[in-house]
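Engineer:
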Amino acid sequence: MLTLLSAALAADLTRMPDASHAEIGAVYAGSIESGRIVEGDLTVADRRFQQHDMLFTLAFAPVKGLAITAAGDLTAAWSYKYFNARTMLLEPVEGGGSYLGSEEPVDGNTPVVREGSGLNGIWVGAALAPFSEAYAKNHRVTWRVDVGYRSGSARKNRWTVVDGGRGAAPGGSAFRVMGAFSRRTGVSEPYIRASWQAESPVEVDVVDEGGLGGTLALKPASIAEIRGGCELHSSEGDEISVDVWVGARY
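In terms of the numbering used here, the sequence shown opens at residue 4 and continues consecutively.
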């Protein structure tokens with residue numbers, strides 16, 4: 004119920020459990036990216052990224068219009084593969100480095116791989132529906148507001164190798180607020196949703212597979228997102244539904 008994943012339909016974005024009822028759910032989302040890492044005009048490496056996420060949700064409504072929510076945010080697997088990767092030239096005096104002037108890789112088809120899996124955190128929060136078409140006929144729209152807090156993991160995260168493997172968590176905790184509106188008009192249900200997720204700074208031990216590294220202060224990126232669309236139903240009984248939407252994320 005706290006998901007930001009795009010698999011949810013319009014009805015899921017504003018749906019609330021009935022009073023004294025609970026709902027559980029599971030959502031899968033996968034992503035694949037391909038790009039380059041560049042320093043100046045030099046291509047440092049070709050990068051391929053893929054990730055598989057699962058979100059397990061629970062919502063319980065003690066009264067109508069109010070729900071207590073929880074979710075387990077799990078990454079089953081993530082991986083970065085760097086092809087044609089150059090080796091950084093270190094600057095020991097200033098403690099920095101650069102790829103400029105580095106030699107071309109001998110075997111560019113053998114990738115440098117970083118991968119991991121694990122729990123990103125546990126979400127706990129609450130959902131409020133001040134207006135709902137399910138409550139009364141004079142409610143012309145359904146409005147739902149969510150707030151949530153996600154636990155952090157300063158030890159088991161994707162930056163640190165622990166017991167030979169990496170986790171998936173960004174490291175710090177997070178806070179999220181989300182609001183969604185929808186309205187059912189016959190066989191169509193237009194909607195809009197906006198959300199803001201603020202990630203907290205955290206100090207983690209950035210350690211590689213060889214045990215090298217040290218403590219580093221990180222600030223994972225916060226996320227702002229807006230999405231609008233229309234869910235189309237084959238009939239008023241919701242036999243088949245298709246969701247057409249457009250959105251933006253920063």
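All C-beta atoms, glycine included, are put in the ideal place defined by N, C-alpha and C.
Quick one: using the 10 Å Cβ neighbour count with 16 as the cut-off for buried, is Tyr-194 buried or exposed?
Structural biologist: Position 191 of the sequence shown holds residue 194. It counts as buried.
Engineer: Let me check understanding here. Comparing Cα to Cα, which of Thr-113, Leu-92 and Gly-111 lies closest to Gly-104?
Structural biologist: Indexing the sequence shown from 1 puts residue 104 at position 101. With distances taken between Cα atoms, Gly-104 lies closest to Leu-92.
Engineer: Given Phe-134, which residues of its chain have a CB within under 7 Å of its CB, disregarding the five upstream and five downstream residues?
Structural biologist: Residue numbering aside, residue 134 sits at position 131 when the sequence shown is read from its first letter. His-142, Val-144, Thr-145 and Trp-146, listed in sequence order.
Engineer: Terminal residues of the continuous beta strand (DSSP E) containing Pro-20?
Structural biologist: Sequence index remark: in the sequence shown, residue 20 carries index 17 (1-based). Unbroken run through Pro-20: none, as it is neither H nor E.
Engineer: Go ahead and label Pro-204 buried or exposed: buried means 16 or more other beta carbons lie within 10 angstroms of its beta carbon, across all protein chains shown.
Structural biologist: For the purposes of this step, residue 204 is taken as residue 201 along the sequence shown, with counting starting at 1. Exposed, by the Cβ-count rule.
Engineer: Taking the DSSP output, what are the residues bridged to Ile-226?
Structural biologist: Walking along the sequence shown from the start, residue 226 turns up at place 223. Ile-226 is bridged to Gln-200.
Engineer: Is Thr-78 closer than 7 Å to Ala-171 when the C-beta atoms are compared?
Structural biologist: In the sequence shown, residue 171 corresponds to position 168, counting from 1. In the sequence shown, residue 78 corresponds to position 75, counting from 1. Going by C-beta atoms, Ala-171 is nearer than 7 Å to Thr-78.
Engineer: Within 10 angstroms of its Cβ, does Asp-110 collect 16 or more other Cβ (buried), or is it exposed?
Structural biologist: The sequence position of residue 110 within the sequence shown is 107, counting from 1. Classification for Asp-110: exposed.
Engineer: Decide if Leu-215 is buried, meaning its Cβ has at least 16 other Cβ atoms within 10 Å, or exposed.
Structural biologist: As a working note, residue 215 is residue 212 in the sequence shown. By the 10 Å Cβ count, Leu-215 comes out exposed.
Engineer: The beta strand (DSSP E) with Tyr-253 in it runs from where to where?
Structural biologist: In the sequence shown, counting from the first residue as 1, residue 253 sits at position 250. Here Tyr-253 belongs to no beta strand (DSSP E), and DSSP marks it neither H nor E.
Engineer: Are the Cβ atoms of Gly-309 and Ala-201 separated by less than 7 Å?
Structural biologist: Limits of the chain in this structure are 4 at one end and 253 at the other, which puts residue 309 out of reach.
Engineer: If you draw a straight line from the C-alpha of Ile-226 to the C-alpha of Arg-252, how long is it?
Structural biologist: If you number the sequence shown from 1, residue 226 lands on position 223. If you number the sequence shown from 1, residue 252 lands on position 249. Whole-angstrom Cα-Cα distance: 7 Å.
Engineer: Once you ignore the five residues that flank Leu-7 on each side, which residues in its own chain have a CB closer than 8 Å to its CB?
Structural biologist: Residue numbering aside, residue 7 sits at position 4 when the sequence shown is read from its first letter. A caution first: Leu-7 carries a pLDDT of 41, below 50, which makes its placement in the model too unreliable to give a value.
Engineer: State the Cα-Cα distance for the pair Leu-122 and Gly-128, rounded to the nearest angstrom.
Structural biologist: In the sequence shown, the residue the question calls residue 122 occupies position 119. In the sequence shown, the residue the question calls residue 128 occupies position 125. If I take the Cα positions, the gap works out to 18 Å.
Engineer: Verify whether the separation of the beta carbon atoms of Glu-36 and Phe-59 is less than 7 Å.
Structural biologist: Within the sequence shown, the letter at position 33 stands for residue 36. Within the sequence shown, the letter at position 56 stands for residue 59. No, Cβ-Cβ distance for Glu-36 and Phe-59 is not below 7 Å.
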